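J.:
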Amino acid sequence: MGVRKPEDTRSFALCAHGGAGKTSLAEAMLFDNGNITRMGNVQNGNTVSDFQSEEQKRNISISTSLLTLERKGKTFYVLDAPGYADFTGEMSAAIRVADTAVILVSSVGGIEVQTSKAWEYAEHHNAPVSFVVSKMDRENADFEKVIADIKSQFSQNALPVFLPIGAGEKFTGIVDVLKGKSYTYKPDGTGKFTEGEIPADLADESASAREALVEAAVEMDDALMEKYLEGEEVSQADFERTLKKAIAAKRIMPVFALSATANIGVPQFMDFVADYFPSPVDIGAIDADGAKAEPKVDAPFSALCFKVMADAFVGKLSFIRVYSGTLSSEGSNIYNVDKGEDERISSFKLMTGKDGKDVKEVIAGDIVAIPKLQSAKVGNTLATKGGFSAKFPPIEFPKPVYSVAVIAKTRADEDKLGTAISRILEEDCSLTFEKNAETRDNVLSGMGDMHINIVLSKLKERYNVDLDTKTPQVPYRETIRKMSEAQGKHKKQSGGHGQYGDVYIRYRPLERGEGFKFIDSVVGGAVPRNFIPAVEKGLREYMTSGPLAGFPVVDFSAELYYGSYHDVDSSEMSFKLATRLSFRKGIMDANPVLLEPVMDVEVTVPDQFMGDVMGDFNSRRGRVMGMEAHGKLQVVKAQVPLSEMFRYATDLRSMTSGEGSFSMEYSHYEEVPGDIAKKVIAAHKKEDEEEE
Ligand SMILES: Nc1nc2c(ncn2[C@@H]2O[C@H](COP(=O)(O)OP(=O)(O)OP(=O)(O)O)[C@@H](O)[C@H]2O)c(=O)[nH]1
Ligand SMILES: [Mg+2]
Numbered sequence: 020m021g022v023r024k025p026e027d028t029r030s031f032a033l034c035a036h037g038g039a040g041k042t043s044l045a046e047a048m049l050f051d052n053g054n055i056t057r058m059g060n061v062q063n064g065n066t067v068s069d070f071q072s073e074e075q076k077r078n079i080s081i082s083t084s085l086l087t088l089e090r091k092g093k094t095f096y097v098l099d100a101p102g103y104a105d106f107t108g109e110m111s112a113a114i115r116v117a118d119t120a121v122i123l124v125s126s127v128g129g130i131e132v133q134t135s136k137a138w139e140y141a142e143h144h145n146a147p148v149s150f151v152v153s154k155m156d157r158e159n160a161d162f163e164k165v166i167a168d169i170k171s172q173f174s175q176n177a178l179p180v181f182l183p184i185g186a187g188e189k190f191t192g193i194v195d196v197l198k199g200k201s202y203t204y205k206p207d208g209t210g211k212f213t214e215g216e217i218p219a220d221l222a223d224e225s226a227s228a229r230e231a232l233v234e235a236a237v238e239m240d241d242a243l244m245e246k247y248l249e250g251e252e253v254s255q256a257d258f259e260r261t262l263k264k265a266i267a268a269k270r271i272m273p274v275f276a277l278s279a280t281a282n283i284g285v286p287q288f289m290d291f292v293a294d295y296f297p298s299p300v301d302i303g304a305i306d307a308d309g310a311k312a313e314p315k316v317d318a319p320f321s322a323l324c325f326k327v328m329a330d331a332f333v334g335k336l337s338f339i340r341v342y343s344g345t346l347s348s349e350g351s352n353i354y355n356v357d358k359g360e361d362e363r364i365s366s367f368k369l370m371t372g373k374d375g376k377d378v379k380e381v382i383a384g385d386i387v388a389i390p391k392l393q394s395a396k397v398g399n400t401l402a403t404k405g406g407f408s409a410k411f412p413p414i415e416f417p418k419p420v421y422s423v424a425v426i427a428k429t430r431a432d433e434d435k436l437g438t439a440i441s442r443i444l445e446e447d448c449s450l451t452f453e454k455n456a457e458t459r460d461n462v463l464s465g466m467g468d469m470h471i472n473i474v475l476s477k478l479k480e481r482y483n484v485d486l487d488t489k490t491p492q493v494p495y496r497e498t499i500r501k502m503s504e505a506q507g508k509h510k511k512q513s514g515g516h517g518q519y520g521d522v523y524i525r526y527r528p529l530e531r532g533e534g535f536k537f538i539d540s541v542v543g544g545a546v547p548r549n550f551i552p553a554v555e556k557g558l559r560e561y562m563t564s565g566p567l568a569g570f571p572v573v574d575f576s577a578e579l580y581y582g583s584y585h586d587v588d589s590s591e592m593s594f595k596l597a598t599r600l601s602f603r604k605g606i607m608d609a610n611p612v613l614l615e616p617v618m619d620v621e622v623t624v625p626d627q628f629m630g631d632v633m634g635d636f637n638s639r640r641g642r643v644m645g646m647e648a649h650g651k652l653q654v655v656k657a658q659v660p661l662s663e664m665f666r667y668a669t670d671l672r673s674m675t676s677g678e679g680s681f682s683m684e685y686s687h688y689e690e691v692p693g694d695i696a697k698k699v700i701a702a703h704k705k706e707d708e709e710e711e
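Here the sequence shown is numbered in this note's numbering, starting from 20 and rising by one per residue.
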C-alpha cells in the first residue's frame, strides 16, 4: 500500500437472514479478486470467513469475520456477520462500524425475519444501504418479486443497478445498468466472463432502470435537476457523480443480482463498490459525546473497539474501527478513554479471516485488529493520551433471554470454569454468567439454545471444561400473612457450664419489598442489653432459610418484646439458639406462603400470531398488561412468573416461525398459587432429603 487516504476506503457489512449467502459471497469476492486461489464452500467448512471450528461443525457463521482486500486502488473492509437470530448483536455491531450495510436477500426465500432486523439496524444507525439479491442460480429464483417486496416493505429508494440475465439454471450473467453492458459467465464457476452489449430482450428494462437511477441521482444537485426537468440530457459524468452522493444519502439503495457459489456477477459488484459506495469522507464526522470525529488523517486519533476475539489460533485480538486521525504502530501507545488506561501497542493487523498482515499505520476509516491489548473491551473508545477525549456511544447488544444453570462435571472442571468463562464473556457481549446468591446456581444466559450450546461446546473444546446443564432454580422466597407470637426457650443446665436463653418474639407481615425489620421493645431488662444483638443476628441468619421450604423469608418484622435469662448460664449462643426455636415456630404459625419472581415481558410479533401468543401467556399464568400496534407488528406487554419463562425463547420462536422476539426483566415478587406452591414445597423437601 502506498500513501493511503480515507477517500479510498470502502467498508461494508454483509448482513441478512441466516443462510442468505453472505459467507459465500465473501469467499467469491476473495477468489475473484485473486486473494485466494481456491474457492472454499460453507458446506465443506473451508471458507476463509467461517474459520472457527464451531462454525465449520454447524455450517453457519457465529461471529463477524473481517476480510480485507484491495480493489481498483480502494481498500475494502468486509464484515461478514452471522444471520442466525441468536447472533443479532454481532450483526448490529457490524452495521454500526461499517460505512454501508449490504443486505442480502435470497432470490428464493425473499425477505425473512432477520432481513427485517438488518434493515432496522441500518435505519437505526442511519447507514447507507444496498441490497444483493443472492442465489440467482437457484431454481425458482425471482428477482422481480424480491425487488417488489424490498420496495414495499423497506424503501422505494431500492433501485436495481444490475439486472439478471436468466434465472435458475439459466442464470448466465448480469446487465450493468450504469455501464450499459452485459457480463456473461462461463458456467464452470471460475468467474471468467466476457463483456458485451445488452441482450435485446433486456434493453427496455435496462433503459428504464437507468432512467429511474438518473431521476433519483439528479436530486442531489439542484442545477442538474433543473436541466434534467427541462429535458436536457444528463452526462455520464454528472450521473455518476450524483449517483455516489445519492447512495451516501440513502436516496438510492442500489440493488444487485448475483450468485456467489456459481460465481456470477461478483467482480462487477466489487467494481461498483469501489466506484460508488461511500467512503468515510462521504459519511462525514461521527458524533461522540461532546466532540466530533472528523474523517481526516490530521485530526486527533479516535477509534471504537467493536469486537474482541480470544481465539486459540491467534491469541487475543481487539478489532477497532478508526474514525479520525492517524496512528503509527511504532512506539505508540493507545489510550482507553473509557477506562483512563494507556497501553503500549505492538502492531496493527489487516485481517482476512484468521490471518493478519501487519500494517504500520492506520488512518480514519480503517478497520483493523490489535493483538494483545489488555484494556480494550467492546464499546470502548480508543485514542491517544491528551488527544481525542470524548466517548463514542456504547455498542448496544440485546439482553440475554435464555438461561441455564451449569454444573461442573468434576472438580478439575470447576477449577478451570472461572477463567474460561471470563475469556468467552470478553468475546461475547450477549452472554452473561452469574452466581445466583439465593439459589446458588451458576446461571449462564444467552440469546437461545443454539447460542448456549455453542458456548458450552467452546468451553469444552478450547478450555477443556465439561459442564452439565439444568433448568435454573427459581429464587422463591417465603413470607407470612398474619401476625404470630412465639416463645423460644433454650435450656441445658445438666452438669458443667449450663446454657439458658428465653425470648418472646412477635412476627408481623410487612409490605412487599420492605424486607426485614427488627424491633426491640424489651423493657425492664427481661433480655439483657448485651444479648439483644445476638437475637437480631440469629434472626438475620435463620431467615436465609425459611421453615416452609428453605427459601429466604422476606417482608416481615420481628419484635423482641419479652424474655428471661440466667445470671451464669445465659450467653450469646444460648440466646441465638432460643431465637431459632421462636423463629421456626413463629413463621409456621403466621400463615407462611411462597413468593415467586414475576417478570415484565415484552413480546413483538406480527398480527397473525397475536392469538397464539395471548393463549400461550394464559397457560403460563401470565397477565397481559397492554398492547400496542407498531405497523404490522403488535407489541404485547405482560407479567409472567419467571418459572414459566425459562424456555420461552425457544417456544416463541417455534410458535411464530421465528418472527417473534421478546425481552424481559424482573418486576416483583408475588404469592405462588396454593396448588403450585404445594408442588414446589414437596419437590424442595425431596431435594433436601436427597442431599442429606
Ligand atoms: N445455489 C446457491 N447456493 C448458495 C449461494 N450462496 C450460498 N449458497 C448456499 O447457501 C448456504 C448458506 O450459505 P452461507 O454463505 O453460509 O450463508 P450465510 O448468509 O453466510 O449464512 P449465516 O452466516 O449462517 O447466516 C450454503 O449451503 C451455500 O453453499 C448461491 O449463490 N447459490
Ligand atoms: Mg455466514
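By construction, the Cβ of each residue, glycine as well, lies at the ideal position given by its N, Cα and C atoms. Predicted, not measured: the structure shown is a model, and the values here were computed from it.
1) Going by C-alpha to C-alpha distance, which of F665, S662, A696, Q627 sits closest to S676?
2) Taking the CB atoms as reference points, tell me whether D460 and A402 lie closer together than 8 Å.
3) Looking at ligand 2, does it come within less than 7 Å of D69, judged from the CB to the closest heavy atom?
4) Bridge partners of P616, per DSSP?
5) Got a sec? Which residues, its chain only, sit under 8 Å from E534 by beta carbon, not counting five neighbours each side?
6) Determine the direct distance from the alpha carbon of A701 to that of A553, and round the result to whole angstroms.
7) Beta carbon of A279: closer than 7 Å to some heavy atom of ligand 1?
8) Suppose contacts are defined by Cβ-Cβ distances below 8 Å. Is P183 in contact with S201 by that definition?
9) Taking N472 as part of the alpha helix (DSSP H), name the residues at either end of that continuous run.
10) Evaluate contact between the stretch 591 to 604 and the stretch 537 to 554, counting only Cβ atoms and requiring at least three cross-stretch pairs below 8 Å.
11) Under the rule that 16 or more other beta-carbon atoms within 10 Å means buried, what is Y685, buried or exposed?
12) Please tell me whether, using a cut-off of 7 Å, the distance from the CB of G40 to the nearest non-hydrogen atom of ligand 1 is below it.
13) Could you please give me the residues that DSSP links to G284 through a beta bridge?
14) Going by beta-carbon coordinates alone, are V180 and V165 separated by less than 8 Å?
15) Quick check on the DSSP output: what are the complete beta strand (DSSP E) runs of length 3 or more inside the stretch 624 to 697, in order along the chain?
16) Closer than 7 Å: is that where the CB of I305 sits relative to any heavy atom of ligand 1?
17) Assuming L346 and T87 make a contact with CB atoms under 8 Å, what is their CB distance in whole Å?
18) Is the beta carbon of P101 within less than 7 Å of some heavy atom of ligand 2?
19) For M592, which residues does DSSP report across the bridge?
20) Cβ of S125 within 7 Å of any heavy atom in ligand 2?
21) Using a Cβ-Cβ cut-off of 6 Å (strictly less than) and excluding sequence neighbours within five positions of E360, which residues of its own chain qualify?
22) Identify, in the order they occur along the chain, each residue of the same chain with its Cβ nearer than 7 Å to the Cβ of G37, setting aside the five sequence neighbours on each side.
23) Give the range of the beta strand (DSSP E) segment to which G465 is assigned.
24) Got a sec, what are the start and stop residues for the beta strand (DSSP E) A424 sits in?
25) Once DSSP output is grouped into helix, strand and coil, what is the label at I169?
26) Going straight from the alpha carbon of N176 to that of A120, what length do you get?
27) Provide the residue(s) that pair with H36 in DSSP beta bridges, ordered along the chain.
28) Does DSSP put R603 in a helix, a strand or coil?
29) Taking 6 Å as the limit between beta carbons, can you name the residues of its chain near F296, skipping five residues before and five after?
30) Can you tell me which residues form a DSSP beta bridge with P273?
31) Alpha carbon to alpha carbon, how far is C34 from M272? Give it in angstroms, no decimals.
32) Just to confirm, are S171 and Y140 a CB contact at a threshold of 8 Å?
33) Between the Cα of D105 and those of M683, F602, T438, D468, spot the shortest distance and give me the residue it belongs to.
34) To the nearest angstrom, how far is it from the Cα of M20 to the Cα of K91?
35) At a cut-off of 7 Å, would you count S153 as near ligand 2, judging by its Cβ distance to the nearest heavy atom?
36) With a 10 Å radius around its C-beta and 16 neighbouring C-beta atoms as the bar for buried, classify Y495 as buried or exposed.
T.: Straight from the coordinates:
1) Q627
2) no
3) yes
4) Y688
5) Note on identity: in this sequence residue 534 is Gly, with Glu being the wrong assignment. Around G534: V573, D574.
6) 32 Å
7) yes
8) no
9) 468 to 482
10) yes
11) exposed
12) yes
13) Paired residue(s): none; G284 is not in a bridge.
14) no
15) 642 to 649, 652 to 660, 680 to 690
16) no
17) 17 Å between Cβ atoms; not a contact.
18) yes
19) Answer is none; M592 lacks a bridge partner.
20) no
21) S394
22) I79, G102, Y103, Q133
23) 461 to 465
24) 421 to 427
25) helix
26) 15 Å
27) Its beta-bridge partners do not exist; DSSP assigns none.
28) helix
29) R29, T119
30) L178
31) 15 Å
32) no
33) D468
34) Note that M20 scores 48 on pLDDT, short of 50, meaning its location in the model is unreliable; the coordinates nonetheless yield the value given after this. Using only the alpha carbons, I get a separation of about 12 Å.
35) no
36) buried
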